[in-house]
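K.L.:
A single structure is presented below for examination.
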Amino acid sequence: MIAAIKSKIKYPTSNAPFGSAYEEHAAIKDTAAEVRALHKNGIHVSAVFMGNDGEVTNAKQIYGKEFTRIRQIDQLSKAAGRLIQKEIRELYS
1 MIAAIKSKIK
11 YPTSNAPFGS
21 AYEEHAAIKD
31 TAAEVRALHK
41 NGIHVSAVFM
51 GNDGEVTNAK
61 QIYGKEFTRI
71 RQIDQLSKAA
81 GRLIQKEIRE
91 LYS
């Protein structure tokens with residue numbers, strides 16, 4: 001009986017530190033929940049997203065409207081600057 005239970009336990013490995021693959025839906029759900037918790041505590045969270053088209057939905061689930069997408073790394077500073085300016089404007093509005 002104990003051997004059968006132990007065989008079902010997924011122990012952490014270097015590839016799966018939580019004992020199983022922590023990705024896709026579970027990771028997105030947890031991250032979105034943490035972002036919402038930060039918002040509730042008055043902490044502004046935003047992101048610069050650089051990923052493929054299929055991952056935009058994930059970014060929207062996590063950050064809502066508080067992210068901007070770039071397609072090339074040379075767009076990073078401009079995109080981050082816009083997000084920072086938006087946050088500053090919201091502080092003074």
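Those letters in the sequence shown? Residues 1 to 93, per our numbering, in order.
Beta carbons: idealized from backbone N, C-alpha and C, even for Gly.
How would you call A3, buried or exposed, if buried means at least 16 neighbouring beta carbons within 10 angstroms?
P.N.:
By 1-based counting over the sequence shown, the position of residue 3 is 3. With a pLDDT of only 49 at A3, under the threshold of 50, the placement of this residue in the model should not be trusted; the figure read from the coordinates follows. So A3 ends up on the exposed side.
K.L.:
What residue range does the alpha helix (DSSP H) around V35 cover?
P.N.:
Residue 35 sits at position 35 when you count from the first residue of the sequence shown. First-last of the alpha helix (DSSP H) with V35: 24-40.
K.L.:
Are I28 and N52 closer than 7 Å when you measure CB to CB?
P.N.:
Indexing the sequence shown from 1 puts residue 28 at position 28. Indexing the sequence shown from 1 puts residue 52 at position 52. For I28 and N52, no; Cβs fall outside 7 Å.
K.L.:
Would you mind sorting I73 into buried or exposed? The rule is 16 or more other CB atoms within 10 Å of its CB.
P.N.:
Taking the first residue of the sequence shown as 1, we reach residue 73 at position 73. Flag for I73 reads exposed.
K.L.:
Which two residues bound the contiguous alpha helix (DSSP H) that contains R82?
P.N.:
Locating residue 82 in the sequence shown gives position 82, where the first residue counts as 1. That run of the alpha helix (DSSP H) goes 76-91.
K.L.:
Within the same chain, show all residues whose beta-carbon is closer than 7 Å to that of A80, passing over the 5 residues directly before and after it, in chain order.
P.N.:
Position 80 of the sequence shown, counted from the start, is the residue given in the question as residue 80. Cβ neighbours of A80 beyond the five flanking positions: V48.
K.L.:
Can you give me the start and stop residues for the alpha helix (DSSP H) that V56 sits inside?
P.N.:
The residue labelled residue 56 in the question sits at position 56 within the sequence shown. 56-63 is the span of the alpha helix (DSSP H), which, as asked, contains V56.
K.L.:
Which residue marks the beginning of the beta strand (DSSP E) containing R71, and which one marks its end?
P.N.:
Residue 71 sits at position 71 when you count from the first residue of the sequence shown. That residue, R71, is in no beta strand (DSSP E); it is neither H nor E in DSSP.
K.L.:
Could you compute how far the alpha carbon of A32 sits from the alpha carbon of V45?
P.N.:
As a first step, residue 32 must be located in the sequence shown, where it is residue number 32. As a first step, residue 45 must be located in the sequence shown, where it is residue number 45. Their Cα atoms are separated by approximately 11 Å.
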